[in-house]
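In what follows, a structure is listed as structure tokens, so that the remarks can point back to it.
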Amino acid sequence: MRAVQIWFALAACTAPSTLIAHPGGLNSEGCHNNRKTGDYHCHRGGSRPAPAARVQRLVGSGGGGDAYYANCAAVRAAGAAPIRRGQRGYRPGLDRDGDGIGCE
């Protein structure tokens with residue numbers, strides 16, 4: 379009985395660190411954009427984009443600066459639709475199906 383209690387105590391101590399190791403927001407491939415650095419990386423064995431595709435996405439990003447669109451109507455009003463992953467203002471909330479193209 380004592381061994382079971384010790385096991386549960388150890389499991390309870392390690393579970394929170396495992397559960398909060400990543401805040402979430404992953405797409406269906408297990409990947410996401412780092413909002414601070416703009417880096418796109420994967421968890422759960424997802425695949426990373428090819429280097430050429432990544433360079434193309436960064437070059438076509440529309441320059442520096444931050445952009446935020448509250449919804450797809452705002453993206454369309456700004457003439458930025460469809461907005462692609464890696465472009466200024468893209469965020470997962472604008473991409474319903476998680477294919478990397480928002481407000482399509």
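So the sequence shown is numbered by this note's numbering: it starts at 379 and just counts up by one. The beta carbon of each residue, even a glycine, is placed where N, CA and C say it ideally should be. All figures in this text were calculated on a predicted structure; none of them were measured in a lab.
So, with DSSP's three-state summary, where would you put residue i?
i: Arg474; result: coil
i: Arg462; result: strand
i: Tyr468; result: coil
i: Cys450; result: helix
i: Ser406; result: coil
By Cβ distance, which residues of its chain are closer than 6 Å to residue i, with the 5 residues on each side in sequence left out?
i: Gly476; result: Asn405 and Ser406
Could one say the Cβ of residue i lies closer than 8 Å to chain C's Cβ atoms, at least one of them?
i: Asp477; result: Within the model displayed, chain C is absent; a lone protein chain is all it includes.
On a CA-only basis, which of the options is nearest residue i? Give me that one, please.
i: Ala484; options: Leu472, Arg463 and Ile384; result: Residue 484 lies beyond the range of the chain shown here (379 to 482); nothing can be said about it.
i: Gly403; options: Ala458, Cys420 and Arg466; result: Cys420
Between which two residues does the beta strand (DSSP E) holding residue i run?
i: Ser420; result: The residue you asked about is not Ser; residue 420 is Cys in the sequence shown. Residues Tyr418 to Cys420.
i: Cys409; result: Cys409 to Asn411
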